[in-house]
Amino acid sequence: MRLQFSLLLLLLLLPVAAASAQGGIHRCLGANGIPVFTDRVCTDVNAAPLLPPPATVAAPPAVTTATPPAVLCAADLAHLKQAVIDAFADRSPNRLAGLMLWNGDGQQAVVADIRVYNQLMAHPLIGVSVTGAADDDAEPDDAPGPSPAGSAGNAPAHGAALLVQTESEDGSGGTGQTRFDVVHHAGCLWLRPGE
């Protein structure tokens with residue numbers, strides 16, 4: 001009985017040993033260009049070994065001059081000015097619209113303004129300057145307290161405005177200028193279309 005059990009065990013283990021000795025399935029490329037999968041060596045079936053595709057290693061990120069992330073809350077005039085420059089560099093009217101204070105504006109007015117910004121960005125940016133502030137790096141008074149009467153928290157930051165200069169639409173080489181009032185609201189600086 002022991003001999004029969006040993007013989008049966010040997011017969012069961014023989015296929016496992018044979019499979020591990022051969023190394024599993026081989027991927028080959030047949031003479032006609034069709035892939036062949038076999039448990040034999042590729043040369044035994046008149047085929048060339050087909051190496052598995054090399055493991056892809058994530059390449060280091062390419063060095064690009066991508067624009068910085070959009071500003072969600074400009075802390076001072078310098079940040080707001082740079083955010084406008086970045087929006088023009090990215091040619092993104094939506095990014096410029098993200099710097100606007102839209103309180104009370106209806107959807108149609110906002111969409112119309114974004115269309116105007118799209119047309120504005122069709123022309124190369126010449127420069128962005130700050131006017132009406134003590135200097136270009138002036139910061140608004142961020143002291144908490146009541147807003148001036150009637151302003152609902154949307155008072156211009158020290159009367160500051162950003163002037164965006166672009167090439168003119170007529171192709172004459174002249175410049176066009178768009179004014180945006182700078183508004184202090186909820187601890188951030190925002191743009192409002194100039195009047």
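Heads up, the sequence shown is in full-length UniProt numbering, so the first residue is 1 and it goes up one at a time.
Positions of the beta carbon are idealized from the N, C-alpha and C atoms, including for glycine.
The structure presented is a predicted model; accordingly, all values stated were derived computationally and were not measured.
- [ ] Let me know the secondary structure DSSP gives A161 once reduced to three states.
- [x] strand
Open item on the list: To the nearest angstrom, how far is the alpha carbon of T38 from that of R2?
Closed with: 37 Å
Task: Close-in-space but distant-in-sequence residues of the same chain around residue 200 (CB under 6 Å, 5 per side omitted) - done: Any property of residue 200 remains undetermined from this structure, which presents the chain solely from 1 to 195.
Open item on the list: Since M100 and L191 should fall inside the 8 Å C-beta cutoff, what is the C-beta to C-beta distance between them, to a whole number of angstroms?
Closed with: 5 Å
TODO: Output yes or no for whether 9 Å exceeds the beta carbon distance between L163 and V128.
DONE: yes
TODO: Note the first and the last residue of the continuous alpha helix (DSSP H) segment covering N26.
DONE: Position check: residue 26 holds His in this sequence, whereas Asn was assumed. It is not in any alpha helix (DSSP H) - H26 instead sits in the beta strand (DSSP E) that spans 26–30.
TODO: Within 10 angstroms of the Cβ of A186, are there 16 or more other Cβ atoms? Answer buried if so, exposed if not.
DONE: exposed
Task: According to DSSP, residues forming a beta bridge with E167 - done: T175
TODO: Could you tell me whether the segment 79–89 touches the segment 30–45, using the rule of 3 or more Cβ pairs below 8 Å?
DONE: no
Open item on the list: Please report the straight-line C-alpha distance between G150 and L80, rounded to a whole angstrom.
Closed with: Note that G150 scores a pLDDT of 35, beneath 50, so its modelled location is shaky and nothing firm can be said.
- [ ] Report the three-state DSSP secondary structure of R192 (helix, strand or coil).
- [x] strand
Task: Three-state secondary structure (DSSP) of F37 - done: strand
Task: Span of the beta strand (DSSP E) around V128 - done: 125–131
Task: Expected contact under 8 Å - CB spacing of T178 and L120 to nearest Å - done: 6 Å
TODO: Just mark P183 as buried or exposed, buried being the case when its beta carbon has 16 or more other beta carbons within 10 Å.
DONE: Going by the sequence as given, residue 183 is Val instead of Pro. V183 comes out buried.
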